[in-house]
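K.L.:
Before anything else, here's the structure in question.
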Amino acid sequence: RSTEVIESTFDQSEKLCVCVAFSGDSFLSNKSQFTKLHQLGVKFPKERYIYKEWDDDDECYLNYMFFTIEKSELRKFLFGKMANELGIQPSYWFDLYIYDPELEVLAHPYDDRGMDLAGSNKVVLSRIYKQFNNWLLNYDLSSMNKWFDNF
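Numbering follows my numbering, in which position 142 of the sequence shown is assigned residue number 142; successive positions increment by one, without gaps.
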């Protein structure tokens, strides 16, 4: 379902910005996850931005890698992310964020049961809300109804 929602959300997008986020002192400490992404056919572009910050609450480093991909490459990322909760291999546990800056919508698929969509493009978010309304979880449903029922 997450794949269908994401494909509908970004149906007009040709390229997408992606962020993979993970904890750890270094990329090397997460080598197994990068190996699994490679097994999925993911190739990280040379042009990318890497950011690292200390998280006082969890007492660890958080790492973020941002890059742009062709939309056709997205299925590899989504399959690996959704497969992780189901025990299917190869898969990875990194957090995944997908963003289209022109569309102003961000998707955060977190497991095989759900995802978050956020952004400033109320037209697109309202379309997705109406199109997939019967799939919405009760969590925050009252807030979503307030935002979109009269749009």
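We put the beta carbon where it would ideally sit given N, CA and C, even for glycine. Computed from a predicted model, the values in this text were never measured in an experiment.
Which whole-angstrom value describes the C-beta separation of residue 9 and residue 128, a residue pair presumed to lie in contact below a C-beta threshold of 8 Å?
P.N.:
Sure, about 6 Å apart at Cβ, within 8 Å.
K.L.:
If contacts are defined as beta-carbon pairs under 8 Å, then residue 97 and residue 108 qualify, I think. What distance do you get, rounded to the angstrom?
P.N.:
The C-beta distance from residue 97 to residue 108 rounds to 5 Å, short enough to meet the 8 Å contact threshold.
K.L.:
Can you tell which of 139, 148 and 1 has its C-alpha closest to the C-alpha of residue 121?
P.N.:
The shortest C-alpha to C-alpha distance from residue 121 to any of 139, 148 and 1 is the one to 148.
K.L.:
What ranges does the beta strand (DSSP E) occupy inside the region 25-101, keeping only unbroken runs of at least 3 residues that lie completely in it?
P.N.:
49-55, 60-70 and 95-100
K.L.:
Only counting the same chain, and skipping five residues up and downstream in sequence, which positions put a Cβ closer than 7 Å to that of residue 48?
P.N.:
65, 66 and 67
K.L.:
Quickly, what does DSSP pair residue 130 with across the bridge? List them, please.
P.N.:
For residue 130, which the question treats as bridged, DSSP gives no partner whatsoever.
K.L.:
From what residue to what residue does the alpha helix (DSSP H) around residue 148 run?
P.N.:
141-148
K.L.:
Over the uninterrupted alpha helix (DSSP H) stretch that includes residue 2, give me the two end residues.
P.N.:
2-9
K.L.:
If you follow the beta strand (DSSP E) that residue 120 is part of, which residue opens it and which one closes it?
P.N.:
Element bounds for residue 120: n/a, residue is neither H nor E.
K.L.:
My assumption, with CB atoms under 8 Å, is that residue 5 sits in contact with residue 132. Please give the rounded CB distance.
P.N.:
6 Å
K.L.:
I think residue 17 touches residue 100, with their Cβ atoms under 8 Å apart; what is that distance to the nearest whole Å?
P.N.:
Indeed they touch by this definition, with Cβ atoms about 7 Å apart.
K.L.:
Within 8 Å, do at least three Cβ pairs link the region 109-116 to the region 16-36?
P.N.:
no
K.L.:
Where do the N-terminal and C-terminal ends of the beta strand (DSSP E) with residue 22 fall, by residue?
P.N.:
15-23 is the span of the beta strand (DSSP E), which, as asked, contains residue 22.
K.L.:
So which of 51, 28 and 7 has the shortest CA-CA distance to residue 20?
P.N.:
Nearest of 51, 28 and 7 to residue 20, Cα basis: 51.
K.L.:
Would you kindly report the start and end of the unbroken beta strand (DSSP E) that includes residue 106?
P.N.:
105-111
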